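**Student:**
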Ligand SMILES: Cc1cc2nc3c(=O)[nH]c(=O)nc-3n(C[C@H](O)[C@H](O)[C@H](O)COP(=O)(O)OP(=O)(O)OC[C@H]3O[C@@H](n4cnc5c(N)ncnc54)[C@H](O)[C@@H]3O)c2cc1C
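Numbering (my numbering), first residue to last: 196 to 726.
1) According to the neighbour-count rule (16 or more other Cβ atoms, all chains shown, within 10 Å of its Cβ), is residue 597 buried or exposed?
2) Relative to the C-alpha of residue 635, which residue among 280, 492 and 668 is closest?
3) Going by DSSP, which residues form a beta bridge with residue 431?
4) So residue 236 packs on residue 442, CB below 8 Å; how close in whole Å?
5) Three-state secondary structure (DSSP) at residue 245?
6) CB-CB under 6 Å to residue 285, same chain, minus the five flanking residues each way: which ones, in chain order?
7) Closest by CA to residue 623, which one among 595, 665, 509 and 574?
8) Taking all protein chains shown into account, do 16 or more other C-beta atoms lie within 10 angstroms of the C-beta of residue 672, making it buried, or fewer, making it exposed?
9) I want to check one thing, is the minimum distance from the CB of residue 479 to the heavy atoms of ligand 1 below 7 Å?
10) Compute every distance between the C-beta of residue 586 and the non-hydrogen atoms of ligand 1, then say whether any falls below 7 Å.
11) Indicate the three-state DSSP secondary structure (helix, strand or coil) for residue 599 in the structure shown.
12) In this structure, how does DSSP classify residue 562 when only helix, strand and coil are distinguished?
13) Could you tell me which of 406, 648 and 579 sits nearest to residue 356, measuring between CA atoms?
14) By how many angstroms is the C-alpha of residue 640 removed from the C-alpha of residue 542?
15) With respect to the beta strand (DSSP E) encompassing residue 449, which residues constitute its N-terminal and C-terminal limits?
16) For a test of the three-state rule: what should DSSP assign to residue 263, helix, strand or coil?
17) In terms of alpha-carbon separation, which member of 637, 196, 652 and 212 lies closest to residue 423?
18) Assign residue 611 to buried or exposed, taking buried as 16 or more other Cβ atoms, counted over all protein chains shown, within 10 Å of its Cβ.
19) Could you have a look at residue 523 and say whether DSSP puts it in helix, strand or coil?
20) Please classify residue 226: does DSSP put it in a helix, a strand, or coil?
21) Count the other CB atoms, across all protein chains shown, that sit within 10 Å of the CB of residue 606; report buried if there are 16 or more and exposed otherwise.
22) Can you look up residue 307 in the DSSP assignment and give me helix, strand or coil?
23) Tell me the residue span of the beta strand (DSSP E) that contains residue 393.
24) List the endpoints of the continuous beta strand (DSSP E) containing residue 380.
25) What did DSSP end up calling residue 702 once you bin it into helix, strand or coil?
26) In whole angstroms, give me the CA-to-CA distance for residue 291 and residue 363.
27) For residue 716, count neighbouring Cβ atoms within 10 angstroms of its own Cβ and tell me buried if that reaches 16, exposed if not.
28) Taking the alpha-carbon positions, what's the residue 526 to residue 651 distance?
29) Roughly how many angstroms lie between the CA atoms of residue 689 and residue 659, to the nearest whole one?
30) For residue 333, which residues does DSSP report across the bridge?
31) Of the choices 339, 293 and 274, whose alpha-carbon is the least far from that of residue 303?
32) In chain order, what residues have a CB nearer than 5 Å to some heavy atom of ligand 1?
33) Can you check DSSP and say which residues form a bridge with residue 370?
34) Within 10 angstroms of the Cβ of residue 700, are there 16 or more other Cβ atoms? Answer buried if so, exposed if not.
35) Classify residue 387: buried if its beta carbon has 16 or more other beta carbons within 10 angstroms, exposed otherwise.
36) With residue 664 as the anchor, note down where its alpha helix (DSSP H) starts and where it stops.
So, in structure tokens, the structure goes:
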């Protein structure tokens, strides 16, 4: 079943989650103005899947059921799947900023891989449970929030060392038919308007942390769940051209002794030492998610590039013929397409794990995410440079209709004869919203910390990178007397039996599957925006 955005809203109306926004309890999350930009943004993932032009990107066939499902709920099987997902996320995010649902995709891919590994190690139950759950979510076209980041308490301590046991969500009690969980997940995108939460561990757990190594699915309105959230985007602010329409709420999700039946429990730390899989789960999720983040921020970059050109034009300048403006726009394009290219490379150089899921390459996915995490600030600076100061100094929209000022403002501030003042103000306000507002700060911080802080990416790059291979390459050069003057091998720690970096095996070249029936993909960056 494919829902439309209206169907998604209707399905939310059938639920009754306990949600507070800015101190006010929300009766119907689908109808609350403070949450509307978030519901609109998630709604795009539904409507785009029904749009014939986007079908290739937004719809995929799930191999375990043979059914067509939304791309945001699909398990990747090929490099082409990864590229399609990356393109789909870019397409959605240049329309809606952040549309949440790719987190859902990332959690499902990782969990399928990890539970498959558990099955290979002799415990089939978690995998069977998860596949049933996956089919339910796909069949009902649900949206699942990723509840991974715990409150964490004192960062220098492990979960079991915290004085406050609720700093991390944990198994508090075990019953014959399920577990009872307790604790807080501190940052959950879209929390108020999710159908379900996928609770996942946010770090590697040791044996003493076994109760904290828990992964399970819980309906958002399960008894004992309270969500304290921020408004989505900037609802109701006329000047907020973008975030008044699309933007995400984030919520703290508190689990106050929530019962979860076993059929919804996928990782149960103390049972059969399942805590050992928490590292595999967090690491695999992080790789999928950082790959998705690349697509998301490229979509945001598309908005900045377009707005930068329009702002220059509204100011009476042609980017093409004004060398320094063209230079800044090329810088912006280089930045966006630079990290996006890492996403493409991560897709092409990914690998199929034993579960059959195609996972992005760890080095490229992490490098791309690390680039965007820090370069988001350069992207804002470049957009500011081409726009001028007006984007943060314009009088507010109330002045547009003030008989005492509107006429003079309109005539005195007009730049080009053919560009009405209102149009110039609209572009300036869009630029402010994207780059110099509360919402712009939100996009900076989600770019920097979403999917893990930069240090987490650096650690992963070091772990995944074949440094030993590079050492061997240089050692081989030394063997050929390139550097050694007297012909002696100056390397001291050659591994016994290794004559070359690959050990007498030619590395395989990754191949992209080619489907002659599918039309050639046009990168979303080169497609016209949706009406
Ligand atoms: C807008 C937004 C949306 C998000 N959406 C979601 C979501 O939907 N679901 C979800 O689960 N998460 C979500 N996140 C959370 C995101 O994954 C975390 O912000 C990220 O993992 C960093 O964790 P933190 O915020 O707790 O920062 P911290 O872990 O407190 O990091 C702050 C700094 O401390 C350092 N640090 C932390 N621990 C240690 C240590 N032990 N030793 C040394 N240095 C340390 C870090 O490297 C960093 O520099 C979202 C975040 C943002 C900003």
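Even glycine gets a Cβ: it sits at the ideal position worked out from N, Cα and C. The model shown is predicted, which means the values in this text are computed figures rather than measured ones.
**Tutor:** On the basis of the data shown:
1) Residue 597 should be labelled exposed.
2) The shortest C-alpha separation from residue 635 is found at 492.
3) Bridge partners of residue 431: none, in fact.
4) Right, their Cβ atoms sit about 7 Å apart.
5) Here residue 245 sits in helix by DSSP.
6) Same-chain partners within the cutoff: 490, 493, 494 and 719.
7) Distance check between residue 623 and each of 595, 665, 509 and 574 places 509 closest, using alpha-carbon atoms only.
8) So residue 672 counts as exposed.
9) Of the heavy atoms belonging to ligand 1, none sits nearer than 7 Å to the Cβ of residue 479.
10) False, no ligand heavy atom lies under 7 Å from that Cβ.
11) In the structure shown, residue 599 sits in coil (DSSP, three-state: anything other than H, G, I, E or B).
12) Helix at residue 562.
13) Distances from the CA of residue 356 to each of 406, 648 and 579 were compared; the closest alpha carbon is that of 406.
14) Straight across, the Cα-Cα distance linking residue 542 with residue 640 is about 25 Å.
15) Where residue 449 is concerned, the enclosing beta strand (DSSP E) stretches over 445-456.
16) Looking at residue 263 - three-state DSSP - the assignment turns out to be strand.
17) Here the closest residue by C-alpha is 212.
18) Residue 611 should be labelled exposed.
19) It is helical.
20) In the three-state scheme derived from DSSP, where H, G and I count as helix and E and B as strand, residue 226 is classed as coil.
21) With fewer than 16 Cβ atoms within 10 Å of its Cβ, residue 606 is classed as exposed.
22) Helix, per DSSP.
23) Following the DSSP letters along the chain, one finds residue 393 inside the beta strand (DSSP E) bounded by residues 391-394.
24) Going by DSSP, residue 380 is part of the beta strand (DSSP E) stretching over 373-384.
25) At residue 702 the pLDDT is 47, less than 50, meaning the model places this residue with poor confidence; the figure from the coordinates comes in the next sentence. Coil.
26) In a straight line, the C-alpha of residue 291 is about 31 Å away from that of residue 363.
27) Residue placement at residue 716 is flagged as unreliable, the pLDDT there being 48, under the threshold of 50; the coordinate-derived value follows with that caveat. Counting Cβ neighbours within 10 Å, residue 716 comes out exposed, since fewer than 16 surround it.
28) Rounded to whole angstroms, residue 526 to residue 651 spans 27 Å at the Cα level.
29) Any answer about residue 689 is weak, because its pLDDT of 48 lies below 50 and its placement is not dependable; what the coordinates show is given next. So the two alpha carbons sit approximately 21 Å from each other.
30) Looking at the DSSP assignment, residue 333 forms no beta bridge with any residue, so it has no partner.
31) Ranked by how close their Cα comes to the Cα of residue 303, the residues 339, 293 and 274 have 339 in first place.
32) Sorted by chain position, residues whose beta-carbon lies closer than 5 Å to a non-hydrogen atom of ligand 1 are 341, 343, 344, 350, 382, 383, 384, 640, 641, 644, 645, 647, 648 and 650.
33) DSSP, once it has assigned bridges, lists 373 as partnering residue 370.
34) The predicted position of residue 700 is uncertain, since its pLDDT is 48 and thus under 50; no value can be drawn from it.
35) For residue 387, the number of other beta carbons within 10 angstroms of its own is at least 16, and it is reported as buried.
36) Here the alpha helix (DSSP H) through residue 664 covers 662-674.
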